[in-house]
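Just so we're aligned, residue 217 is where the sequence shown starts under my numbering, counting upward by one. Below: the structure, in structure tokens.
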Amino acid sequence: MSLDLQSLEKIPRHVALIMDGNGRWAQQRGLSRIEGHKEGAQSVRAVLRAAAQAGVEFITVYAFSTENWKRPPAEIDGLMKLLVHSLNEYEQELHDNNIRLRVMGQFEKLPLPVRMRLQKTIDATAHYTDHTFVIALSYGSRMEIANAAKQIAEKVKAGEMKLKEIDEQTITDHLYLPDVPDPELMIRTSGELRLSNFLLWQLSYAEFYITNDYWPDFREEQFFHALEAFNGRDRRYGGVKKK
Ligand code: FPP
217 MSLDLQSLEK IPRHVALIMD GNGRWAQQRG LSRIEGHKEG AQSVRAVLRA
267 AAQAGVEFIT VYAFSTENWK RPPAEIDGLM KLLVHSLNEY EQELHDNNIR
317 LRVMGQFEKL PLPVRMRLQK TIDATAHYTD HTFVIALSYG SRMEIANAAK
367 QIAEKVKAGE MKLKEIDEQT ITDHLYLPDV PDPELMIRTS GELRLSNFLL
417 WQLSYAEFYI TNDYWPDFRE EQFFHALEAF NGRDRRYGGV KKK
């Protein structure tokens, strides 16, 4: 590793990642798209390891969006199978590094064997407190916010909440994982400058790090570079620079 982690003054508590470019990585090599996703799953593992080493508490990866259901059925099926396979592969690492698995998104839309496999690891790691690995699956941020609005409206209608009590925290409290702090750093691979309906509310003050690397090429070293870049940023949250 080329970077001395000790030299970093601040480590983000939560890093969110848009894992883009698996398809292009595969295409460049004349491989199938699913081969790209398979190599991408190894990058997820590398990032989990690097994050644990650096002391990042929360990692959220965008593995499957609500829009991804529009992909060819064979690719969707391949991704779901890969998810199950990856969980089998990572599980021991989650235990070794005290990492809790959580999922955000339309859990009920996932195929039953995938839900069952996820639930097994969610339950088996629920007591870990050092790190949390969040997988966004069938996730869409606008839908998440719309669902929060619906839940809040229902509470107001039922007289459980007053209209004037609704504030920013009320919205946060009704998102999928209200107890997970907002990401301070968002990494997107393959050079795209878009949020793609990912954590729109939670990323309000996050620093963005965009790299041209395709996701399968994003490993420990690339993750540490992103942490280094984050260290060089001056975060003011709309305030003025401290002297
Ligand atoms: C985007 O690349 C990637 C995805 C839609 C899937 C990401 C999934 C994994 C890395 C699989 C493993 C995940 C876990 C959590 C084990 P793309 O297909 O849009 O690439 P392209 O833009 O080059 O076509």
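The C-beta atom is built at its ideal place from N, Cα and C for all residues, glycine as well.
- Short of 6 angstroms from the beta carbon of F424, and not among the five residues preceding or following it, lie these beta carbons of its own chain, in chain order: M402.
- I227 and F349 do not touch by the CB rule: their CB atoms are close to 16 angstroms apart, not below 8 angstroms.
- With respect to the C-alpha of G454, the residue from Y421, W431, Q335, P329 having the closest C-alpha is Y421.
- Around the beta carbon of H253, 16 or more other beta carbons lie within 10 angstroms, which makes this residue buried.
- Looking at the DSSP output, H230 shares a beta bridge with F274.
- A residue is called buried once 16 or more other Cβ atoms fall within 10 Å of its Cβ, and R449, having fewer, is exposed.
- Within the region 404 to 448, the complete beta strand (DSSP E) runs of at least 3 residues fall at 423 to 426.
- The residue among R331, D220, Q243, S412 with its C-alpha nearest the C-alpha of S281 is S412.
- Not one heavy atom of the ligand FPP sits closer than 7 angstroms to the Cβ of M296.
- Looking only at V456, P432, R316, the smallest Cα-Cα distance to Q243 is reached by P432.
- Residue pairing by DSSP puts V319 in a beta bridge opposite I351.
- Taking the Cα of L409 as reference, the smallest distance to any Cα among Y392, T427, L393 is reached at T427.
- Going by DSSP, T388 is part of the alpha helix (DSSP H) stretching over 384 to 389.
- DSSP places Q222 outside any alpha helix (DSSP H), giving it a letter other than H or E.
- Relative to the non-hydrogen atoms of the ligand FPP, the Cβ of D236 comes within a distance shorter than 7 angstroms of at least one.
- Secondary structure of A257 (DSSP, three-state): helix.
- Rounded to whole angstroms, the gap between the alpha carbons of I338 and R316 is 7 angstroms.
- CA-to-CA, the gap between I234 and E400 works out to about 14 angstroms.
- Counting only the Cα atoms, D389 lies some 8 angstroms from D395.
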